[in-house]
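Take the sequence shown: its position 69, counted from the start at 1, is 69 in our numbering, and no numbers get skipped.
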Amino acid sequence: MGRSFRIAYLIDPRAPGGTSSAVAAELRAIAGLADIRVYAVTSKMFSGAEISKNLREVFDELEIHLIWDSEEIAADVVVAHNLVFLKFETEFPTRIVTPHLVVVVHENFTRRGGYEPFDVAHALGLLARSGAVIRRSLAPVSAFNRETVANWLAGRPEANVWTLLSEDWHNICDHRMIPPTSSPADRRGRHSRAGFEKFPSLDAMDLCFPETAAANVILGADTFIRDGIHRPHWQMLPFGSVELGEYFDMIDFMVYFCAATLQESFGRVVTDAIAAGKVVITDKATAANFGDGVITAEPEDVSDIVDHLVANPSDYVRQATDAQARLGAFSAEAFRARHAGLFDRASSEAALS
């Protein structure tokens with residue numbers, strides 16, 4: 001009998017937020033389909049030695065032993081997550097030997113205004129020059145993300161060693177679905193990792209989280225706390241200071257807007273809220289991945305929407321349950337079906353021939 005099909009993951013496991021959640025869910029989804037090995041990189045992007053809680057849990061659950069800063073990665077498929085971890089590296093000394101290298105693109109290659117959030121060519125170049133690889137693929141996580149990657153590639157013929165996968169590499173949403181409340185109150189919240197780019201202007205925040213609300217819970221408010229922003233009607237909590245389940249028990253509406261220069265590539269925080277049975281209000285572009293499952297608005301519209309749904313609980317329940325039904329498109333089963341050709345030897349070799 002020949003050796004088992006081997007898939008290697010290349011990550012910096014200290015990455016916080018949605019990326020670590022996405023990788024953890026993915027590892028659970030493909031466990032048993034192949035021999036999985038996880039190669040960890042100590043990049044300059046993150047400090048300290050603390051591995052993301054989501055990843056620690058899945059490593060223990062699947063009995064995965066991290067291989068740190070290896071000189072070589074050899075596998076039938078190598079999947080690298082979160083290219084941005086290479087943004088501060090001057091070299092990538094690890095040799096990658098594989099028929100197929102897949103880079104899952106969690107960051108949009110361009111932001112509003114057309115500028116790059118990091119030196120994409122430099123990061124891709126580090127991987128392109130490492131080792132012996134037959135095929136190099138970029139895997140966008142959403143339609144919007146794909147558009148930024150395709151536009152970036154179109155203007156750079158020197159990057160033609162990279163091709164776009166035909167299917168999006170969507171986040172896997174394996175959450176437990178919690179039924180929505182039948183008596184919503186004007187309890188609002190948002191959560192994300194800390195960082196100025198994750199938050200809209202203070203004017204927009206004031207519109208979304210006014211004094212008239214019964215609760216305003218800001219999880220990931222590290223920057224506001226550090227800068228001494230004074231809003232007595234906000235409950236400002238540092239990122240990771242409470243479990244998501246505890247946070248969602250405090251709110252009925254997830255109101256999520258970011259800085260004008262940032263567009264979410266997927267919006268995993270939105271799926272967290274939907275699964276928790278909450279109504280999500282966000283901008284049109286972020287809502288695009290979820291159809292009518294979330295409500296699109298501008299910050300000045302939020303209070304009217306909340307008032308209506310509090311006064312009409314049946315509409316609230318309908319909105320929240322419809323949103324949960326839409327998460328089936330991001331299930332583990334859907335992911336395995338979409339990328340089946342990567343997870344077995346015959347299909348993978350046929351795709352490369």
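A virtual CB, placed ideally from N, CA and C, is assigned to each residue, including glycine. As the structure is a computational prediction, the values presented were derived from the model and not from experiment.
DSSP three-state assignment for residue i, whether helix, strand or coil
{"i": "residue 80", "result": "strand"}
{"i": "residue 72", "result": "strand"}
{"i": "residue 149", "result": "helix"}
{"i": "residue 233", "result": "coil"}
{"i": "residue 163", "result": "strand"}
{"i": "residue 187", "result": "strand"}
{"i": "residue 4", "result": "coil"}
{"i": "residue 179", "result": "coil"}
{"i": "residue 216", "result": "strand"}
{"i": "residue 141", "result": "coil"}
Top-ranked residue by Cα proximity to residue i, from the options
{"i": "residue 110", "options": "134, 165, 102, 155", "result": "155"}
{"i": "residue 276", "options": "19, 252, 227", "result": "252"}
{"i": "residue 211", "options": "188, 220, 227, 224", "result": "188"}
{"i": "residue 87", "options": "307, 21, 42", "result": "42"}
{"i": "residue 261", "options": "58, 117, 292, 133", "result": "117"}
{"i": "residue 337", "options": "170, 296, 16, 257", "result": "170"}
{"i": "residue 121", "options": "162, 95, 135", "result": "162"}
{"i": "residue 319", "options": "5, 273, 331", "result": "273"}
{"i": "residue 289", "options": "223, 182, 146", "result": "146"}
{"i": "residue 172", "options": "217, 302, 29", "result": "29"}
Rounded C-alpha distance that separates residue i from residue j
{"i": "residue 242", "j": "residue 254", "result": "16 Å"}
{"i": "residue 81", "j": "residue 38", "result": "11 Å"}
{"i": "residue 342", "j": "residue 77", "result": "7 Å"}
{"i": "residue 282", "j": "residue 294", "result": "7 Å"}
{"i": "residue 14", "j": "residue 310", "result": "40 Å"}
{"i": "residue 124", "j": "residue 204", "result": "36 Å"}
{"i": "residue 184", "j": "residue 313", "result": "6 Å"}
{"i": "residue 97", "j": "residue 151", "result": "29 Å"}
Classification of residue i by the beta-carbon crowding that lies within 10 angstroms, buried from 16 upward
{"i": "residue 278", "result": "buried"}
{"i": "residue 333", "result": "exposed"}
{"i": "residue 119", "result": "exposed"}
{"i": "residue 196", "result": "exposed"}
{"i": "residue 44", "result": "exposed"}
{"i": "residue 291", "result": "exposed"}
{"i": "residue 68", "result": "exposed"}
{"i": "residue 339", "result": "buried"}
{"i": "residue 213", "result": "buried"}
Those residues which DSSP pairs with residue i across a bridge
{"i": "residue 54", "result": "Paired residues: none, contrary to the question."}
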